[in-house]
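Have a look at the structure below, then the notes.
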């Protein structure tokens, strides 16, 4: 009996994700990995996997799979409609199906399988990087995903008491970025004083935000420079892009600020759960 | 040297010029500060990224200030030889623009060693600089939507080799058959920061 999961329907967009490819940015390889790292790690813990095992990241639900062996699975993150219990490790017997409806709030749901998704790693990770094309292709209908062998005991948790991902307006903390001076105090006030709307051009690379454009105090070009997840880069349009997991390693537009990230708080993860149309506020954080 | 904030996990070190970047990067890459997982050189900056919760950013800033830049780091390092068919679509026009014959342009490109200064555009793409080369190449006014893999190109003070098919606005002067990024090779990227590159005229095909 081969341990595997057959994908009946991939839904709007599903990829394999793990903790990504740290340490290779100088080669133009971004870290990538799960967009919401905290609930990704939680999914692994709930089925007794090491925290960095590969899982499925479903965007706006819609994923349907069938177990080809007796497996144990769990979903975390955005709670999808349907009979399947959320944040509760559940046996999925051979031949049975799991179908996720659309989530009521939040965007990304993580499906962890005890033993992990065991597709071949690329440069040390099984994550799909949508910008560079590294890692496995996005999950497609009919894919048969191999499942690894369990290596740690089941933690014996029936259900994790987790709050639902918030819908509606979300406020995250923001720190000044390396080029905040390109926008001055007025720019910072404009960034933190208005409500931004997440547009439908957003993806794993970043959230494109709509609002009143930010104005630069100075012209000229910026030589490309390195950046990390959470950067708020401001292109000539004045409308910031909030970079997520698959951001470019370097960029040539000024970064006005950074959304607060681990280890201080996981606000970047919360941004990975925002849907098009949702609104976002940046609250200045003094560090 | 200016140390600029880059969020909760990183610092951006700004330097006067590319030479200073290469020298600092060489020192940091050889002995990364504690807790630093990624060091990303660029044209005027070096980004240092820490692992979550492993170290304080002020300790990293102290380590960077205490590092001794190594301007000599290029000498004696690894050198990659890349045979190039100099038959790029922009060769003739670019040579004209630079007041050179195509042969002279090729001679300048092959005459001196290049150094990989930094990456970032795509996995395995290196921005190559030629010490004393004095290139100043305008980008194409209309970028190509598809540049074939292996294309050898120029823009600004840099040369580069496209690892795979991608859009691009650089001037194409030739093509190499060497795969500069190959997942089945360890390391997969041939053109890593600090590596020397010698372009060789491989004639026409």
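Chains as they are written, first to last, in the working numbering: chain W, 1 to 287; chain P, 288 to 492.
From the three backbone atoms N, C-alpha and C, an ideal C-beta is built for every residue, glycine too.
Item                                                                                                                                                                 : Value
Nearest-angstrom Cα distance between residue 107 (chain W) and residue 58 (chain W)?                                                                                 : 8 Å
Out of curiosity, what's the CA-to-CA distance linking residue 481 (chain P) and residue 437 (chain P)?                                                              : 20 Å
Give the single residue among P:415, P:355 and P:422 whose Cα lies nearest to the Cα of residue 386 (chain P).                                                       : P:422
For residue 326 (chain P), which residues in chain W fall below 7 Å Cβ to Cβ?                                                                                        : 26
Consult DSSP for residue 226 (chain W) and reduce its assignment to one of helix, strand or coil.                                                                    : strand
On the criterion of 16 or more Cβ atoms from any shown chain inside 10 Å, does residue 151 (chain W) qualify as buried, or is it exposed?                            : exposed
Residue 168 (chain W) and residue 148 (chain W) - do their beta-carbons sit closer together than 7 Å?                                                                : no
Keeping to the same chain, check which residues put their C-beta closer than 6 Å to that of residue 53 (chain W); ignore five residues upstream and five downstream. : 44 and 116
On the CB-based measure, 16 or more other CB atoms within 10 Å of its CB, does residue 3 (chain W) come out buried or exposed?                                       : buried
Is the distance from the Cβ of residue 314 (chain P) to the Cβ of residue 354 (chain P) below 7 Å?                                                                   : yes
Quick check on residue 455 (chain P): does DSSP put it in helix, strand or coil?                                                                                     : strand
Between the alpha carbons of residue 253 (chain W) and residue 226 (chain W), how many angstroms are there, rounded?                                                 : 11 Å
Looking at chain W, is there any beta carbon in it that lies within less than 7 Å of the beta carbon of residue 293 (chain P)?                                       : yes
Kindly indicate which three-state DSSP category residue 153 (chain W) falls into: helix, strand or coil?                                                             : coil
Would you tell me roughly how many angstroms separate the C-alpha atoms of residue 337 (chain P) and residue 405 (chain P), rounded to the nearest one?              : 19 Å
What are the residues in the stretch 225 to 245 of chain W lying within 9 Å of chain P by C-beta distance?                                                           : 225, 226, 227, 228, 229, 230 and 231
Helix, strand or coil: how does DSSP classify residue 185 (chain W) here?                                                                                            : helix
Who are the near neighbours of residue 22 (chain W) in its chain, counting only those whose CB is closer than 6 Å to its CB and skipping five residues on each side? : 31
Between P:333, P:470, P:312 and P:441, which lies nearest to residue 359 (chain P) when the distance is taken from Cα to Cα?                                         : P:312
Helix, strand or coil: how does DSSP classify residue 369 (chain P) here?                                                                                            : strand
Work out the CA separation of residue 296 (chain P) and residue 275 (chain W) for me, nearest whole Å.                                                               : 25 Å
What is the residue span of the beta strand (DSSP E) that residue 71 (chain W) lies within?                                                                          : 71 to 77
So which residues on chain P does residue 207 (chain W) lean against when the C-beta distance must stay under 7 Å?                                                   : Those do not exist, as residue 207 (chain W) stays about 15 Å from chain P at its closest Cβ, beyond 7 Å.
Just the chain P side, please: which residues come within less than 7 Å of residue 260 (chain W) by C-beta, in chain order?                                          : 295
Note down, in chain order, every chain W residue with its Cβ under 7 Å from the Cβ of residue 411 (chain P).                                                         : 27 and 28
Within a Cβ cutoff of 7 Å, which residues of the same chain sit near residue 39 (chain W), ignoring the five residues on either side of it in sequence?              : 76, 77 and 110
State the Cα-Cα distance for the pair residue 118 (chain W) and residue 71 (chain W), rounded to the nearest angstrom.                                               : 14 Å
For residue 470 (chain P), return the contacting residues in chain W, with the cut-off set at a CB-CB distance below 9 Å.                                            : 122, 123 and 134
Using 7 Å as the limit for Cβ to Cβ distance, is residue 484 (chain P) near chain W?                                                                                 : no
Measure from the alpha carbon of residue 398 (chain P) to the alpha carbon of each residue in P:379, P:368, P:376 and P:377, then state which is nearest.            : P:368
Should residue 140 (chain W) go down as buried or exposed, given a rule of 16 or more other Cβ atoms within 10 Å for buried?                                         : exposed
For the beta strand (DSSP E) that contains residue 447 (chain P), what are its first and last residues?                                                              : 445 to 448
For residue 212 (chain W), does the count of other Cβ atoms within 10 angstroms reach 16, so buried, or fall short, so exposed?                                      : exposed
Check the Cβ-Cβ distances between residue 117 (chain W) and every residue of chain P, and say whether any is below 7 Å.                                              : no
Need the endpoints of the beta strand (DSSP E) that residue 298 (chain P) sits in, please.                                                                           : 297 to 301
Taking the DSSP output, what are the residues bridged to residue 250 (chain W)?                                                                                      : W:226
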